[in-house]
Every structure is written in structure tokens, then in C-alpha cells.
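Heads up, the thing below is written out as C-alpha cells.
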Amino acid sequence: MIFRETKLAGVFLIELEPHADERGFFARSFCRSEFAAKGLNPNLVQCNISYNRQRGTLRGIHFQAEPYPEAKLVRCTAGALFDVVVDLRPDSPTFKTWYGVELSAANRLMLYIPPGCGHGFQSLADDTEVFYQMSEMYHPEAARGVRWNDPVLGIVWPLAEPVISQRDQTLPGLDRF
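Residues in the sequence shown are numbered consecutively from 1449, following the working numbering.
As C-alpha cells, this is what we get:
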């Protein structure tokens, strides 16, 4: 795996290193020791799938609060999406900054999101599927979010008029945290 630092502290874009032959290729998508060597949380305890029927579906910005903050490893397994990370760590040099990148089944990129960061995405194709690996079990009482269109953050989403849940539409702005 190739770990590329992003503009957000502790957020990494990860490329696979395929070993190819006439049959196709093989690539490692997770290695506990490689993650630990980079200072990333290697303890993944839960996997989730998000299926998004319609292009433009927007989910987020979600995170889990203390005492259950979670790291996420995110990969698009079908279709394509614009993936966004928001740094919500007050002690971070990149606090209140966002980073966005296209993840797709074709480019096979992954995004590592450390604890204390919010996460969201917008599907760029119909039938987009996202695979998450989490460092913490889901705790509904710790589930939080920040409004996807908060002017303090100024996230530039690629598609106008997103398909978004009522819950995500009514998440608070960053000024409420």
C-alpha cells in the first residue's frame, strides 16, 4: 500500500499496489503492521456497507463523539463518490478544514479518517456502494453530525440539489459544537 498524506492532519489517501499477471491482480487493502507503523489506528472492529441507489445521494457529515470516537477506512466498491473529511479536532492544526477526493471502483483508492474527524460523501453514479472499516463499534448515543452545507466549512459538493435524508438536512452547524 502507498500512504499519501493529505492536507488534513492524520488523514491519508491510500493506493493499492497491485501484483498483476495474465489472470488479473492481487493487492493488500489492509495490514495491521503497516497501519501501526504509520501511526494509524490498526484496530478495525466493524465493517459496514452503504448502498446508494441514486446519483447525487449525500450522506453526512457524521462522526462518533467521546467516549467512542472512531477511525474509518473507506473504499468505494461500486460506482463513484466524492468523499469528504472535516477536521473537528479543536487541538488540530487543520481544525475546521475539509478535504475531498473522488473514490471509485475504478481508481480503488481508500481514505483513512482518524478519530475526531467528520465524514460524508456524495454519490457520483447510480448504484454506488461504499465499504467502511471502523475502529469502534457503533454507539447510537455517541452519533453526531455537522450540517453538510455549513457556510463555516464551505464544502464544495460536485452535484447541485443532493438527495439527502431529513436527519442530515437538520444537523447543526459547526458553531453549535
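Positions of the beta carbon are idealized from the N, C-alpha and C atoms, including for glycine. Owing to the predicted nature of the structure, the values given are computational and were not obtained by experimental measurement.
Proximity winner among the options, relative to residue i (alpha-carbon distances)
i	options	result
G1564	A1484, R1592, L1572	R1592
E1465	A1475, A1457, G1458	A1475
L1456	A1554, A1590, P1538	P1538
R1503	P1606, L1619, P1517, V1534	P1606
V1625	A1513, A1468, M1449	In the sequence on display, residue 1625 carries Phe and not Val. Comparing Cα-Cα distances from F1625 to each of A1513, A1468, M1449, the minimum goes to A1513.
E1453	S1540, E1589, Y1560, P1541	Y1560
G1568	P1610, D1469, T1542	P1610
Close Cβ partners of residue i (< 7 Å) along its chain, the five nearest in sequence each way excluded
i	result
N1491	S1583
W1546	V1532, V1533, V1534, L1601, I1603
R1595	L1619, P1620, G1621
R1480	P1490
M1585	V1493, Q1494
H1587	Q1512, Y1516
Whole-angstrom C-beta distance between residue j and residue i, which should lie under 8 Å
i	j	result
F1460	F1473	That belief does not hold up - the Cβ atoms of F1460 and F1473 are roughly 22 Å apart, past 8 Å.
E1463	L1557	6 Å
E1550	A1528	6 Å
N1500	S1571	4 Å
D1616	G1508	7 Å
Close beta carbons around residue i, own chain, < 8 Å, minus the five adjacent residues each side
i	result
V1633	What is shown of the chain runs 1449 to 1625, which leaves residue 1633 out entirely.
A1554	A1528
H1467	F1473, F1474, A1475
T1542	K1455, L1456, A1457, D1535
Sequence-distant residues of its chain with Cβ nearer than 6 Å to residue i (five each side left out)
i	result
G1548	F1530, V1532
F1511	G1566, R1592
S1477	none
I1612	L1506
P1562	G1458, A1519
Q1581	L1492, C1495, L1521
P1517	P1563, G1564
R1523	M1558, F1579
S1498	V1578
S1540	A1457
Discussion item. Whether or not the region 1482 to 1490 and the region 1569 to 1579 are in contact is what I'm after, with contact meaning three or more pairs of Cβ atoms, one per stretch, closer than 8 Å; do they touch?
Written reply: no
Discussion item. To test your reading of the DSSP string, which unbroken beta strand (DSSP E) runs of 3 or more residues are found completely within the region 1452 to 1505?
Written reply: 1460 to 1463, 1467 to 1469, 1472 to 1474, 1494 to 1500
Item to complete: Quick one: which unbroken beta strand (DSSP E) runs of 3-plus residues sit fully inside the region 1536 to 1622? Chain order, please.
Response: 1546 to 1552, 1558 to 1561, 1565 to 1571, 1576 to 1582, 1591 to 1593
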